[in-house]
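*Asks:* Residue numbers (the UniProt record's numbering): 1 to 156. Every residue, glycine too, gets a C-beta built ideally from N, C-alpha and C. The following block contains the structure, expressed as structure tokens.
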Amino acid sequence: MDAIDRKILALLQEDASLSVQEIGNRVGLSSTPCWKRIQKLEAAGVISRRVALVDPDKVGLGVTVFVSVETADHSQEWLDRFAQTVGAMPQVMEFYRMAGDVDYMLRVVVADMHAYDRFYKQLIATVPLKNVTSRFAMERIKSTTVLPIGEVPLQR
């Protein structure tokens, strides 16, 4: 990946609806070489998909909860079951296995406290858990999907 690929990625992260011609103009390429670069980035899995970002408040999903999960069972069987169950819950936007004092961290989006209570009851009913801690976001100060690819040194 060279500097032009990085510029293309930066533009697509900001606005995936840009035409190939517009992207090419901004990075100094004609449409065909620009399109070929985008195709290569997609084929290599660098661009995994293109989506529309939806404002959660405007669709009635204004409550964000960060859920820390601790478990006493660290077996592969338990993890597979937990991952399958949590991965299928549409309220879970992000799901991480953590290092440190918490085993898993979830970012959950729901409409209100009642919706979170339903989610919580569903979560604790799925597999045995040692501890579940919920932290409610009071205000979204920054939220982005743009990766800081300009910070990564170019590979030679």
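(1) Is the CB-CB distance between I47 and I23 below 8 Å?
(2) Could you tell me which uninterrupted beta strand (DSSP E) segments, each at least 3 residues in length, are contained entirely in the region 67-140, listed from first to last along the chain?
(3) Tell me the DSSP bridge mates of V46?
(4) Quick check for students: name the residue ranges of the alpha helix (DSSP H) that lie wholly in the UniProt domain "HTH asnC-type" (1-62), counting only runs of 4 or more.
(5) Quick test of your reading: V59 and V108, contact by CB under 8 Å. State the CB separation rounded to the nearest angstrom.
(6) Alpha carbons only, please: which of D2, G87, H74 is nearest the one belonging to V27?
(7) On the three-pair Cβ rule with 8 Å, is the region 76-90 touching the region 40-55?
(8) From the DSSP output, read off the bridge partner residues of T64.
(9) Let me know if D103 comes out buried or exposed under the rule of 16 or more other beta-carbons within 10 Å of its beta-carbon.
(10) Leaving out the 5 sequence neighbours to the left and right, which residues in its chain are closer than 6 Å to F82 when beta-carbon positions are compared?
(11) Alpha carbon to alpha carbon, how far is A97 from Q84?
(12) Please return the same chain residues whose Cβ sits closer than 8 Å to the Cβ of T145, not counting the five positions on each side in sequence.
(13) Going by Cα to Cα distance, which pick from W78, K36, F136, V132 is closest to E70?
*Replies:* Quick look at the numbers:
(1) no
(2) 92-97, 104-110, 131-136
(3) V46 pairs with nothing; no bridge assigned.
(4) 3-14, 20-27, 31-43
(5) Rounded, the Cβ-Cβ distance is 15 Å, inconsistent with contact.
(6) D2
(7) no
(8) V109
(9) buried
(10) V127
(11) In the sequence under discussion, the amino acid at residue 97 is Arg, which differs from the Ala named in the question. Cα to Cα, R97 sits roughly 13 Å from Q84.
(12) Q13, L53
(13) V132
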